[in-house]
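**Student:** Following this message is one structure expressed as structure tokens.
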Amino acid sequence: MIIVLLSACERLIILQTDPKELRDYGALLYHCGFYKEALQYLTVYQDGQKESLGLIDNVEEEEALEKLKIRLNLILMEEGWSPPTDNKSFLRNNSEPW
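Shown next, in the form of structure tokens:
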């Protein structure tokens, strides 16, 4: 189901029907765990809105967008500090004693 939603949003972005599709796609990517991509799309949306209108129309939307971008940056920083997941399996499967 999620894949269908993602592909539908991608098609709407390609058609350039509404700039808010970038925002919606970013939110979907966030909920799917694609944090880096979500941050990229949300940033593109926010930059485009600021260029065309000077500011985002809705103050609550701008605040929510900023909070989500901060959350995404924190998640990405946290992932950068965590050890690679392959590390544990490598240590367990290594038959060498040293």
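Residues in the sequence shown are numbered consecutively from 1020, following the numbering used here. Using N, Cα and C, we set each Cβ at its ideal position, and we do this for glycine too. Since the model is a prediction, treat every value here as computed from it, not as a measurement.
With the cut-off set at 8 Å, would you say Tyr1054 and Leu1095 are in Cβ contact?
**Tutor:** yes
**Student:** In angstroms, rounded to a whole number, what distance separates the CA positions of Arg1090 and Leu1061?
**Tutor:** 12 Å
**Student:** Tell me which residue opens and which closes the alpha helix (DSSP H) that Asn1092 is part of.
**Tutor:** If you look at Asn1092, you'll find it in the alpha helix (DSSP H) that goes 1078-1100.
**Student:** Taking Cβ to Cβ, would you say Leu1029 is nearer than 8 Å to Tyr1049?
**Tutor:** A small correction: the amino acid at residue 1029 is Glu; Leu does not occupy that position in the sequence shown. Not a contact, by the Cβ cut-off of 8 Å.
**Student:** Go to Gly1052, then tell me how far its alpha helix (DSSP H) extends in each direction, as first and last residue.
**Tutor:** No alpha helix (DSSP H) contains Gly1052, which DSSP labels as neither H nor E.
**Student:** Could you tell me the distance, in whole angstroms, from the CA atom of Lys1088 to the CA atom of Asn1077?
**Tutor:** 17 Å
**Student:** For Glu1040, I'd like the list of residues in its chain whose CB is within less than 8 Å of its CB, leaving aside the five on either flank, ordered along the chain.
**Tutor:** Cys1028, Leu1031, Ile1032
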